[in-house]
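Numbering (this note's numbering), first residue to last: 3 to 73. Read through the structure below, which is laid out as structure tokens, and then see the notes.
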């Protein structure tokens, strides 16, 4: 199995990392349907407290279809 890749970014002392993993039992390769889950880690490396007040995901599949998730 390939080594997982992680996306990592730091802004104003807050580090956000995300990695994907394949959901074999929920995927149907015969139908070209591949599902993935994601682990997201948020760490405050600064001196001041922080609060997560919203999220915004831009998801682009292999066919180029885009889906935005906000909350």
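Ideal Cβ placement from N, Cα and C applies to all residues, glycine included.
A distance below 8 Å separates the beta carbons of residue 19 and residue 8.
With respect to the C-alpha of residue 12, the residue from 44, 36, 39, 26 having the closest C-alpha is 44. Within the DSSP secondary-structure output, residue 61 pairs in a beta bridge with 69. Per DSSP, reduced to three states, the secondary structure at residue 10 is strand.
The beta carbon of residue 38 lies closer than 7 Å to those of 22, 23, 24, 25 in the same chain, with the five residues before and after it left out.
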